[in-house]
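The structure under discussion appears below in the form of structure tokens.
2 protein chains.
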Amino acid sequence: MKKREKEPEQKKEEKQNKKVTFNISKTNNFSEWFSEIIDKAELADLRYNVKGFVVFRPWAVRCMEKMYDLIEDELQNKGHEPAWFPAVIPEKNFKLEGEHIKGFSPQVFWVTHAADTILEEKMAMRPTSETAMYQMYALWIRGYRDLPFKMYQRAQVWRYETKATRPFIRSREFYWIESHDCFATEKEAEKQVLEDIDTTEKIMHQKLGVPFLALRRPEWDKFPGAVYTIGSDSLMPDGRVIQQPSTHYLGQGFAKVFNVKFKDKDGKEKYVYQTCYGPAVSRIFASVISMHGDDSGLVLPFIIAPIQVIIVPIFNNENKAIIFKKADQIEQELKNSGVRTKVDKREDRPGEKFFFWEMKGVPLRIELGEKEIKNKKLVLFLRDSKEKKIIDEKNFVEVIKKEGDLYDKRLKDKADKWFKDRIVDCKTKDDIKKALEEKKIAKCNFCSIGKEGEKCAEIVEKELLASVRGTRHDKKEIAKGKCPFCRKKANFVVYIAKSY
Amino acid sequence: MKKREKEPEQKKEEKQNKKVTFNISKTNNFSEWFSEIIDKAELADLRYNVKGFVVFRPWAVRCMEKMYDLIEDELQNKGHEPAWFPAVIPEKNFKLEGEHIKGFSPQVFWVTHAADTILEEKMAMRPTSETAMYQMYALWIRGYRDLPFKMYQRAQVWRYETKATRPFIRSREFYWIESHDCFATEKEAEKQVLEDIDTTEKIMHQKLGVPFLALRRPEWDKFPGAVYTIGSDSLMPDGRVIQQPSTHYLGQGFAKVFNVKFKDKDGKEKYVYQTCYGPAVSRIFASVISMHGDDSGLVLPFIIAPIQVIIVPIFNNENKAIIFKKADQIEQELKNSGVRTKVDKREDRPGEKFFFWEMKGVPLRIELGEKEIKNKKLVLFLRDSKEKKIIDEKNFVEVIKKEGDLYDKRLKDKADKWFKDRIVDCKTKDDIKKALEEKKIAKCNFCSIGKEGEKCAEIVEKELLASVRGTRHDKKEIAKGKCPFCRKKANFVVYIAKSY
Numbered sequence: 012m013k014k015r016e017k018e019p020e021q022k023k024e025e026k027q028n029k030k031v032t033f034n035i036s037k038t039n040n041f042s043e044w045f046s047e048i049i050d051k052a053e054l055a056d057l058r059y060n061v062k063g064f065v066v067f068r069p070w071a072v073r074c075m076e077k078m079y080d081l082i083e084d085e086l087q088n089k090g091h092e093p094a095w096f097p098a099v100i101p102e103k104n105f106k107l108e109g110e111h112i113k114g115f116s117p118q119v120f121w122v123t124h125a126a127d128t129i130l131e132e133k134m135a136m137r138p139t140s141e142t143a144m145y146q147m148y149a150l151w152i153r154g155y156r157d158l159p160f161k162m163y164q165r166a167q168v169w170r171y172e173t174k175a176t177r178p179f180i181r182s183r184e185f186y187w188i189e190s191h192d193c194f195a196t197e198k199e200a201e202k203q204v205l206e207d208i209d210t211t212e213k214i215m216h217q218k219l220g221v222p223f224l225a226l227r228r229p230e231w232d233k234f235p236g237a238v239y240t241i242g243s244d245s246l247m248p249d250g251r252v253i254q255q256p257s258t259h260y261l262g263q264g265f266a267k268v269f270n271v272k273f274k275d276k277d278g279k280e281k282y283v284y285q286t287c288y289g290p291a292v293s294r295i296f297a298s299v300i301s302m303h304g305d306d307s308g309l310v311l312p313f314i315i316a317p318i319q320v321i322i323v324p325i326f327n328n329e330n331k332a333i334i335f336k337k338a339d340q341i342e343q344e345l346k347n348s349g350v351r352t353k354v355d356k357r358e359d360r361p362g363e364k365f366f367f368w369e370m371k372g373v374p375l376r377i378e379l380g381e382k383e384i385k386n387k388k389l390v391l392f393l394r395d396s397k398e399k400k401i402i403d404e405k406n407f408v409e410v411i412k413k414e415g416d417l418y419d420k421r422l423k424d425k426a427d428k429w430f431k432d433r434i435v436d437c438k439t440k441d442d443i444k445k446a447l448e449e450k451k452i453a454k455c456n457f458c459s460i461g462k463e464g465e466k467c468a469e470i471v472e473k474e475l476l477a478s479v480r481g482t483r484h485d486k487k488e489i490a491k492g493k494c495p496f497c498r499k500k501a502n503f504v505v506y507i508a509k510s511y
Numbered sequence: 012m013k014k015r016e017k018e019p020e021q022k023k024e025e026k027q028n029k030k031v032t033f034n035i036s037k038t039n040n041f042s043e044w045f046s047e048i049i050d051k052a053e054l055a056d057l058r059y060n061v062k063g064f065v066v067f068r069p070w071a072v073r074c075m076e077k078m079y080d081l082i083e084d085e086l087q088n089k090g091h092e093p094a095w096f097p098a099v100i101p102e103k104n105f106k107l108e109g110e111h112i113k114g115f116s117p118q119v120f121w122v123t124h125a126a127d128t129i130l131e132e133k134m135a136m137r138p139t140s141e142t143a144m145y146q147m148y149a150l151w152i153r154g155y156r157d158l159p160f161k162m163y164q165r166a167q168v169w170r171y172e173t174k175a176t177r178p179f180i181r182s183r184e185f186y187w188i189e190s191h192d193c194f195a196t197e198k199e200a201e202k203q204v205l206e207d208i209d210t211t212e213k214i215m216h217q218k219l220g221v222p223f224l225a226l227r228r229p230e231w232d233k234f235p236g237a238v239y240t241i242g243s244d245s246l247m248p249d250g251r252v253i254q255q256p257s258t259h260y261l262g263q264g265f266a267k268v269f270n271v272k273f274k275d276k277d278g279k280e281k282y283v284y285q286t287c288y289g290p291a292v293s294r295i296f297a298s299v300i301s302m303h304g305d306d307s308g309l310v311l312p313f314i315i316a317p318i319q320v321i322i323v324p325i326f327n328n329e330n331k332a333i334i335f336k337k338a339d340q341i342e343q344e345l346k347n348s349g350v351r352t353k354v355d356k357r358e359d360r361p362g363e364k365f366f367f368w369e370m371k372g373v374p375l376r377i378e379l380g381e382k383e384i385k386n387k388k389l390v391l392f393l394r395d396s397k398e399k400k401i402i403d404e405k406n407f408v409e410v411i412k413k414e415g416d417l418y419d420k421r422l423k424d425k426a427d428k429w430f431k432d433r434i435v436d437c438k439t440k441d442d443i444k445k446a447l448e449e450k451k452i453a454k455c456n457f458c459s460i461g462k463e464g465e466k467c468a469e470i471v472e473k474e475l476l477a478s479v480r481g482t483r484h485d486k487k488e489i490a491k492g493k494c495p496f497c498r499k500k501a502n503f504v505v506y507i508a509k510s511y
């Protein structure tokens with residue numbers, strides 16, 4: 012008897028140790044929430060012993076690999092070809108474009124030695140690849156038939172960030188795609204900028220449910236070497252905007268420096284017009300985590316979830332065999348239809364498994380017990396709404412696929428509503444201050460996003476601890492009245508927010 | 012009239028400039044063949060201005076991305092999870108395992124500066140990731156339930172190669188997957204080595220048609236830090252073997268250094284047993300190019316070809332519209348079935364297009380003219396055998412898919428036959444010499460692959476300019492007679508070859 016009494020207690024203790032409930036308020040304590048979910052859901056590990064470098068763990072990598080697929084498919088459909096360029100850039104290339112070197116120099120990691128030998132020329136670990144790619148473009152592009160020339164690479168880049176690093180959001184190594192395109196005319200190049208915004212819209216917003224504003228950055232905040240920069244600003248739950256994929260119109264600046272020319276139909280040699288675009292999957296994932304997650308943990312979009320449907324069998328020693336068999340059948344049918352599925356056969360209690368997979372953000376859960384098998388029904392749990400549905404075993408694969416789509420649509424709709432509510436029309440400095448205090452984005456009139464507006468932007472930075480993010484690029488917004496800072500005539504409608 | 016006479020001549024000249032025939036003997040001049048096809052088929056560009064670093068161009072990248080998919084699917088099916096580890100390794104980690112540091116030190120690129128700052132500790136650009144990954148394994152692995160622990164990363168590595176570099180074959184940056192697994196027992200770990208060989212067999216041999224020998228390397232040629240190493244040796248047309256995916260049984264050496272322990276069922280802490288495995292997609296692609304290509308250019312396996320079916324419409328100004336429409340229809344139907352297809356609508360002559368796509372290695376070509384449309388037939392050209400088949404328009408998608416499978420099978424069968432003929436049983440040093448002169452692999456008795464055999468191996472290197480590659484690991488081969496070098500009793504059957 013003693014033995015029997017002891018066993019359950021031991022088990023209980025063991026089970027408690029493994030219990031993974033997640034209960035942190037995302038709204039009230041976003042920073043803790045974000046750190047904790049990264050740890051608990053095993054997304055990344057910060058204990059790697061080089062400062063600012065992060066290890067990305069399987070649950071996150073499997074999501075981000077799917078994000079790479081989504082973005083690369085879209086880019087290829089839009090005529091881009093993939094390439095792989097070296098990770099190192101010789102110092103002389105790097106120094107060719109004045110603004111570019113000025114902007115990136117403080118961030119470069121330098122490779123100076125190989126074994127015991129000092130390299131003849133030191134090499135930058137690429138912080139971005141313009142100066143690696145364009146010398147090759149000069150060799151490849153010959154005539155107008157070669158244009159448009161649209162190429163991208165999936166790559167890591169390395170930046171010696173001096174701001175505080177945070178996994179996924181800002182680290183010294185990050186994972187992105189950079190696309191670099193060349194055109195015969197300015198007009199075509201500027202059309203590409205809009206196409207790039209459309210790519211962000213299609214992937215980040217439509218598929219992953221993260222809304223954003225496409226903002227033309229003020230003169231003082233553009234990409235080093237660009238004519239202008241369009242940043243995609245998303246919002247985090249703590250009310251700070253985060254720059255997501257940005258696209259840059261480079262004009263002919265780099266082309267002239269790297270000698271990227273083509274012979275036009277009229278027989279004349281001309282410089283190309285260039286654009287570049289850089290969606291960072293690791294950072295987009297930060298928005299995905301933050302936008303959709305809740306106090307119980309992650310809520311992953313169905314489209315990228317490593318496991319889309321978790322099957323939790325409710326069994327005892329008597330009916331285990333029959334229930335496992337049915338669970339395996341259901342798993343197989345879903346897998347055959349391309350749905351990523353797993354049966355959780357661990358000996359833990361169903362409730363623990365429920366909490367665990369909710370914390371991991373698995374979109375749909377099937378609960379399967381004796382009753383369900385008898386009634387030819389399945390209990391379907393929806394991670395986002397925490398709603399339970401009884402569905403018929405007949406046609407369940409189709410129903411589940413449809414539920415997956417509906418689930419992603421709900422995530423997007425909820426995010427859209429939240430985002431819309433957080434953009435506030437402001438007239439005065441006080442209005443703006445209040446909006447920022449309420450963790451919102453202020454929309455207001457502004458004197459200028461050209462050089463002459465920089466003084467007012469400095470007031471925003473110093474007094475409001477926020478920044479002028481720019482004007483809508485995808486939509487014309489007309490200013491009326493005065494700039495709330497200098498009281499001069501406002502020529503622009505800008506967005507002001509605290510940022511990462 | 013004058014105008015009409017001039018035009019065709021201008022066009023002719025233009026067309027000659029664009030003509031891409033490829034006619035180099037792979038058998039007689041492999042080295043030139045390999046360099047030229049890389050250039051003509053736009054696989055890689057060697058003009059990047061850092062020595063030993065190569066730019067990989069879209070046609071190659073699209074093949075290698077598919078190779079990554081094949082390998083990653085196989086690894087995931089075998090229970091491996093993907094992760095991303097930092098590209099840099101702190102010097103102290105790197106120095107922890109004595110043999111490892113000795114082996115890799117001469118090859119390491121060192122990052123010493125960030126911007127103008129000297130780093131407190133210099134960092135190695137990973138030449139391989141044992142010393143990055145295992146410190147994290149020590150944090151993640153706790154108990155026997157965590158084992159087996161099977162993880163891989165898709166990554167580039169950097170090695171300061173002092174041997175001559177060659178694109179795909181050996182360069183200072185290469186693209187691979189490295190898989191690092193931990194087990195509770197030696198037995199399980201050694202079983203993993205066999206599983207890894209099976210992965211190479213499934214992907215490189217069965218799917219890509221590149222045969223190989225799984226050879227246990229002699230003591231003096233194993234991976235730095237390993238107990239033993241199994242290399243997969245493929246053969247190049249010039250008779251030199253090239254090491255393809257190798258797998259290493261690491262024993263507990265790294266585990267002890269990096270403190271990778273687990274609590275076993277008996278409650279005791281034990282060190283794990285480890286294996287690692289590194290398929291390099293860029294190098295496997297070198298074998299794919301070399302094994303299947305012919306004097307007309309590339310012959311790509313159907314399974315990885317960026318374009319599997321090229322449709323060449325045969326048209327004039329009168330029937331262009333109708334033929335293009337039909338070509339588009341066929342393209343769409345193939346695409347809908349997941350076949351990568353393209354219609355070549357350029358104004359060049361059909362013959363030029365034929366040569367071009369043959370050089371690029373596209374497996375199947377559909378020729379489509381007025382006659383074919385009228386007869387509801389398609390002309391199908393097979394790149395490998397250069398055979399033409401007339402197929403019915405009815406069910407053509409299924410027929411083409413089947414032809415794709417048959418085509419890949421033919422490539423494999425041809426390669427297998429070629430490889431088999433190139434392994435020669437040898438008894439004497441003269442036999443071996445003759446085999447090597449005939450660009451073959453010599454199979455012979457040998458005294459020992461332990462330390463005591465190294466003297467004979469030195470004779471092989473000095474006198475025959477070849478190396479002892481090792482013994483079959485997947486199959487027992489029993490030695491009879493004497494070692495042809497020292498005349499002592501032979502204990503092993505080894506393979507001797509010239510190598511890359």
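As they're listed, the protein sequences go chains A and B.
Quick note: the first sequence, position 444, residue 455 per the working numbering, numbers continuous.
Quick note: the second sequence, position 474, residue 485 per the working numbering, numbers continuous.
Beta carbons are placed, not taken as given, at the ideal position from N, Cα and C, and that holds for glycine.
Source: prediction; values computed, not measured.
Residues that DSSP places opposite K353(A) in a beta bridge: The residue you call residue 353(A) lines up with position 342 of the first sequence. Looking at the DSSP assignment, K353(A) forms a beta bridge with I321(A).
Burial state of K337(A), where buried means 16 or more other Cβ atoms lie within 10 Å: Taking the first residue of the first sequence as 1, we reach residue 337(A) at position 326. Burial call: buried.
Cβ of P178(A) within 8 Å of any chain B Cβ: Numbered from its first residue, the first sequence carries residue 178(A) at position 167. No, no contact with chain B.
Run of the alpha helix (DSSP H) containing E342(B), from where it starts to where it stops: Counting from 1 along the second sequence, the entry for residue 342(B) is found at position 331. K331 to N347 is the extent of the alpha helix (DSSP H) around E342(B).
Three-way DSSP call (helix, strand, coil) for L86(B) in this model: If you number the second sequence from 1, residue 86(B) lands on position 75. When secondary structure is reduced to three states using DSSP, L86(B) falls in the helix class.
Exposure of E108(B), with buried meaning 16 or more beta-carbon neighbours within 10 Å: Position 97 of the second sequence, counted from the first residue, corresponds to residue 108(B). Buried: at least 16 other Cβ atoms inside 10 Å.
Residue range of the alpha helix (DSSP H) that includes W169(B): Here residue 169(B) refers to the residue found at position 158 of the second sequence. It is not in any alpha helix (DSSP H) - W169(B) instead sits in the beta strand (DSSP E) that spans F160 to W169.
Closer than 8 Å to chain B by CB, Y59(A): Taking the first residue of the first sequence as 1, we reach residue 59(A) at position 48. With 8 Å as the cut-off, Y59(A) counts as an interface residue toward chain B.
Sequence ranges, beta strand (DSSP E) only - wholly within the stretch 365-408 of chain A, length at least 3: Assignment of beta strand (DSSP E) within the stretch 365-408 of chain A, counting only whole runs of 3 or more residues, yields 375-379, 388-393 and 399-403 in chain order.
Beta-carbon proximity of I152(A) to I253(A), cut-off 8 Å: Counting from 1 along the first sequence, the entry for residue 152(A) is found at position 141. Counting from 1 along the first sequence, the entry for residue 253(A) is found at position 242. Not a contact, by the Cβ cut-off of 8 Å.
Beta-bridge pairing of D192(B) - partner residues as DSSP gives them: Taking the second sequence and counting its residues from 1, one reaches residue 192(B) at position 181. Beta-bridge pairing by DSSP links D192(B) to K161(B) and T286(B).
Contacting residues, own chain, Cβ-Cβ under 7 Å from G154(A) (five flanking each side not counted): By 1-based counting over the first sequence, the position of residue 154(A) is 143. Hits under 7 Å: F273 and K274.
Segment contact flag, the stretch 433-443 of chain A with the stretch 370-380 of chain A, C-beta cutoff 8 Å, min 3 pairs: No, they do not touch.
Candidates P117(B), S116(B) and E132(B), of which the one nearest T123(B) by Cα: Within the second sequence, numbered from 1, the residue matching residue 123(B) stands at position 112. That would be E132(B), whose Cα lies nearest to the Cα of T123(B).
Residues, ordered as in the chain, of the stretch 136-150 of chain B that lie near chain A by beta-carbon distance below 8 Å: Within the stretch 136-150 of chain B, the residues whose Cβ lies closer than 8 Å to some Cβ of chain A are M136, A143, Q146, M147 and L150, listed in chain order.
Near-chain B residues of the stretch 177-204 of chain A (beta-carbon distance less than 8 Å), N- to C-terminal order: If the cut-off is 8 Å between Cβ atoms, the stretch 177-204 of chain A has E184 and Y186 near chain B.
Inter-residue Cα distance where the pair is Y145(A) and Y59(B): Numbered from 1 along the first sequence, position 134 holds the residue referred to as residue 145(A). Numbered from 1 along the second sequence, position 48 holds the residue referred to as residue 59(B). Using only the alpha carbons, I get a separation of about 11 Å.
Under 7 Å by beta carbon: chain B residues contacting Y288(A): The residue you call residue 288(A) lines up with position 277 of the first sequence. In chain order: nothing, as chain B lies at least about 17 Å away.
Per-residue burial, G349(B) [other beta carbons within 10 Å of its own, 16 or more giving buried]: Translated into the one-based positions of the second sequence, residue 349(B) becomes position 338. Exposed, since its Cβ has fewer than 16 Cβ neighbours within 10 Å.
Check whether A480(A) and I507(A) have beta carbons under 8 Å apart: If you number the first sequence from 1, residue 480(A) lands on position 469. If you number the first sequence from 1, residue 507(A) lands on position 496. The displayed chain sequence assigns Arg, not Ala, to residue 480(A). Between R480(A) and I507(A), the CB-CB gap stays under 8 Å.
C-beta contact flag for G114(B) and E189(B) at 8 Å: Here residue 114(B) corresponds to residue number 103 of the second sequence, with the count starting at 1. Here residue 189(B) corresponds to residue number 178 of the second sequence, with the count starting at 1. Not closer than 8 Å, so no.
Burial state of K22(A), where buried means 16 or more other Cβ atoms lie within 10 Å: On the first sequence, residue 22(A) is found 11 positions in, with the first residue counted as 1. Only weak support exists for where K22(A) lies, its pLDDT of 48 falling under 50; the value from the coordinates is given anyway. With fewer than 16 Cβ atoms within 10 Å of its Cβ, K22(A) is classed as exposed.
Sub-8 Å separation of V221(B) and V299(B) beta-carbons: Residue numbering aside, residue 221(B) sits at position 210 when the second sequence is read from its first letter. Residue numbering aside, residue 299(B) sits at position 288 when the second sequence is read from its first letter. A distance below 8 Å separates the beta carbons of V221(B) and V299(B).
Option nearest K356(A) by Cα separation, candidates L389(A), E369(A), E383(A) and I321(A): For this step, residue 356(A) is matched to residue 345 along the first sequence. With respect to the C-alpha of K356(A), the residue from L389(A), E369(A), E383(A) and I321(A) having the closest C-alpha is I321(A).
Rounded C-alpha distance that separates F392(A) from P93(A): Here the question's residue 392(A) lines up with position 381 in the first sequence. Here the question's residue 93(A) lines up with position 82 in the first sequence. Taking the straight line from one Cα to the other gives about 40 Å.
Nonlocal neighbours in the same chain, by C-beta distance under 6 Å from V505(B), ignoring five residues either side: The residue you call residue 505(B) lines up with position 494 of the second sequence. Excluding positions up to five away in sequence, the list reads F457, V479 and T482.
Opening and closing residue of the alpha helix (DSSP H) in which C467(B) lies: On the second sequence, residue 467(B) is found 456 positions in, with the first residue counted as 1. Residues E465 to L475.
Bounding residues of the alpha helix (DSSP H) (the contiguous stretch that carries W231(A)): The residue given as residue 231(A) occupies position 220 in the first sequence. Taken as a continuous stretch (DSSP letters only), W231(A) belongs to no alpha helix (DSSP H), as it is neither H nor E.
Per-residue contacts from V99(A) into chain B (C-beta, under 7 Å): If you number the first sequence from 1, residue 99(A) lands on position 88. Those are V61 and F64, listed as they occur along chain B.
Interfacial residues, the stretch 107-130 of chain A to chain B, with Cβ spacing under 9 Å: Residues S116, P117, Q118, V119, F120, W121, V122, T123, H124, A125, A126, D127, T128 and L130.
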